[in-house]
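Participant:
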Amino acid sequence: MAMPWSKAARPEALRRRKDLKSESFHHLMHAAASEEELLDDGAIAVAEAMAREEKQRAAIEYVKTLHVEPFALCMYITLCVLLSSVVVLYRNGQYDFYLGEMVRKLVLGSYFDNADSEIAMTFDDVASLDDIYKFLRGPLLAALYVETTRTGVPLPPSQMRKVIDGNNMLLGLVRLQQVRVRVDSCAVPSYFEVNGSSATTIAHCYAALPRGKAAADLFDREPIVGQAAVNVNGEQAAGGGAPRTYEWMPSSVTKVGPFTGIHHQYDGAGYRVDLPLALSTARSRLLELEKDGFLDSSTRALWVDFALYNVNINRFCTVRLLFERLESGLITPQATIQPLSLLWYDSLDANGLPRLLLVESCLLGFVTFFIAYELQAMRREGLRSYWSDKSNWYDWPSLLGFFFVAFCRYRQWSLMRDIKRTVTLDAEDGQVDGFVSLDEVRDWAEYETMTLAIDSLLVYMKVLHFLAGVPYMSTLLRTLSRASSQLIYFLIILTILINAFAISFHLAAGTQLHDWRDLGSSYMSLLFFILGVVDLFELHRANRVVGPLLYIAFVFVILFV
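Residue numbers for the sequence shown follow the working numbering, beginning at 1 and rising by one.
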């Protein structure tokens, strides 16, 4: 056996030393690895502890949210339910839309002969003063002056005012009114002045009205002098008679409020003519107007006003047929047909109280509660701290908007009370000889509708503020792109937004456009809207202010956000 220090034993010793070094190295490496694992375990433990603390903190905040918000949230949801109930009870989209559509088809869609062509014309084809007279004598008289049944039997006097298929009553008389520009209100260029021998002479110049609000000094206020009295055949009546004159009257006399046409604004003043209720005398009156040159080169606009009432659905309908005559001589027709629900509280429930009045009273009570709630918060936090919160700047317009809606409703009720009294007094002698103007009522109804449309959107958008404290909901509101795992929350938000915009579009354009005639149609139209199927110009024609505003808001909220 070799000794450890012998030459033969040296390789064995070296091998053993190498093995010992290797074992020491592996032992050291294992110890280091164990130490790293201990460090990793410690980091994991710390992270888990922090996660638990964060979870506990979130739970505490969630509990705080649930303790603070549920009462206000329930009250606000009740407010939304009451608002939707008011819209459903106050407006029946099917009734409103189809009443207006009936007038459009029977008055505007009826054909009349065109002397210059074999192709019949409609209201939208009117392009000259002669076309206006043909339309008035044709479709207008045929729709509003019904004297016989379908079988040709004369109607009794009590049924003479039941126009448009006998389901609608004509309120008062039909009124024609025009505005004129002064003769020679502009200067004829010297090379076109009257020369006597020149074939290019121009006798008179009629100034062009500025866009928007027309200049008052350009309008003519001198009486229009016509011919002597004529009979129904256009022949001079026996005994002659003094020439007919048509006086200019201010808006305080005509009872027509300011309105805007396609090209200009009008203050309601002008030359008015009321058509009698009998068909023969109305036709004779139109013939007199044509013979007298009532419409001529000075005419800048003619409008026809009348109002209908349908007792079957308890709806009024105001109609204005506007013919604007451009400086070029072209006529641009425009029809404004506005169905109105103005006798809101005539329908009683089992307890003898109007359902709509009950719901509106509850809605106003809830709005008052929220105003008191905000005033209390203002007192508790202080004015500076309260108004530093931007959400409070959002709350007050929507809350105060409801009081403006209530004021608009009161104004309509007050005006309708006077109109009902006027109609009753006018019919006491058995003859209707006055014009019933619903212009002011219609204006207040439009203010109410526009305010309620915007308020509906603001109120439903506020629900998202209450949902912001719910877990995941705030994240969903900030980044919809990360909402794939919380689809249910996305659907909740989408439902709220669609409902808000559906109500707003229905209120703003429901009486004018088929796509928004009721809430169901509005929901479907919004789904097409998301796909890009929308006619912005139709919305603009239906409502010049709120239509484009809602379009921009919907595009921004739904497509961009």
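For glycine and all other residues, C-beta sits at the position ideal for the given N, C-alpha and C.
1) With the cut-off set at 8 Å, would you say Phe-123 and Ala-406 are in Cβ contact?
2) Taking three-plus beta-carbon pairs below 8 Å as touching, is the region 525-544 in contact with the region 506-515?
3) Are there 16 or more other CB atoms within 10 angstroms of the CB of Met-102, so buried, or fewer, so exposed?
4) Contact between the region 325-334 and the region 250-260: three or more CB pairs below 8 Å?
5) Could you check the C-alpha separation between Met-378 and Lys-390 for me, to the nearest Å?
6) Nearest to Cys-408 by CA position, among Glu-448, Leu-464, Phe-435, is which residue?
7) Out of curiosity, what's the CA-to-CA distance linking Thr-495 and Ile-119?
8) DSSP on Phe-435, reduced to helix/strand/coil?
9) So, is Asn-312 buried or exposed, given that buried needs 16 or more other C-beta atoms within 10 angstroms?
10) Please report the residue range of the alpha helix (DSSP H) in which Trp-303 lies.
11) For Arg-272 and Ala-445, what's the separation of their Cα atoms in angstroms?
12) If contact is defined by three or more beta carbon pairs under 8 Å, each pair taking one atom from either stretch, is the region 274-283 in contact with the region 140-152?
13) Which residue from Arg-315, Phe-529, Thr-299, Ser-341 puts its Cα closest to that of Leu-322?
14) Mapping DSSP to helix, strand and coil, what is Ile-262?
15) Select from Arg-180, Phe-192, Val-188 the residue whose C-alpha is nearest the C-alpha of Asp-217.
16) Considering only DSSP beta bridges, list what Gly-172 is partnered with.
17) Can you find the residues in the same chain that come closer than 6 Å, C-beta to C-beta, to Leu-549, ignoring five residues on each side of it along the sequence?
18) Would you say the region 353-368 touches the region 121-135, given that touching needs at least three Cβ pairs under 8 Å?
19) Could you spell out where the alpha helix (DSSP H) holding Glu-538 opens and where it closes?
20) How would you write the range of the beta strand (DSSP E) that Val-319 sits in, first residue to last?
21) DSSP three-state call for Tyr-111: helix, strand or coil?
22) So, do the region 454-461 and the region 408-420 have three or more beta carbon pairs nearer to each other than 8 Å?
23) Does the distance from the CB of Leu-399 to the CB of Phe-370 come in under 8 Å?
24) Rounded to whole angstroms, what is the Cα-Cα separation between Leu-342 and Asn-310?
25) Give the DSSP bridge partners of Trp-248, in chain order.
26) Quick one: what does DSSP say Leu-209 is sitting in, helix, strand or coil?
27) Output the distance between the C-alpha atoms of Glu-381 and Lys-462, rounded to the nearest integer angstrom.
28) Among Glu-374, Met-50, Tyr-98, which one has its Cα closest to the Cα of Arg-517?
29) Just to confirm the assignment, what range does the beta strand (DSSP E) spanning Leu-340 have?
30) In or out: Tyr-345 buried (at least 16 other Cβ within 10 Å) or exposed?
Facilitator: Concretely, from the data shown:
1) Not closer than 8 Å, so no.
2) yes
3) buried
4) Using a Cβ-Cβ distance cut-off of 8 Å, the region 325-334 and the region 250-260 are not in contact, since fewer than three pairs of beta carbons, one from each stretch, lie closer than that value.
5) 13 Å
6) Glu-448
7) Looking at the two C-alpha atoms, the distance is approximately 50 Å.
8) strand
9) exposed
10) No alpha helix (DSSP H) contains Trp-303, which is instead part of the beta strand (DSSP E) from 299-310.
11) 25 Å
12) Flag = yes, the region 140-152 and the region 274-283 touch.
13) Thr-299
14) coil
15) Closest option to Asp-217, Cα to Cα, is Arg-180.
16) Phe-435
17) none
18) no
19) 536-542
20) Note, Val-319: beta strand (DSSP E), 315-325.
21) coil
22) no
23) yes
24) 12 Å
25) The secondary-structure analysis by DSSP pairs Trp-248 across a beta bridge with Tyr-271.
26) coil
27) 21 Å
28) Tyr-98
29) 331-340
30) exposed
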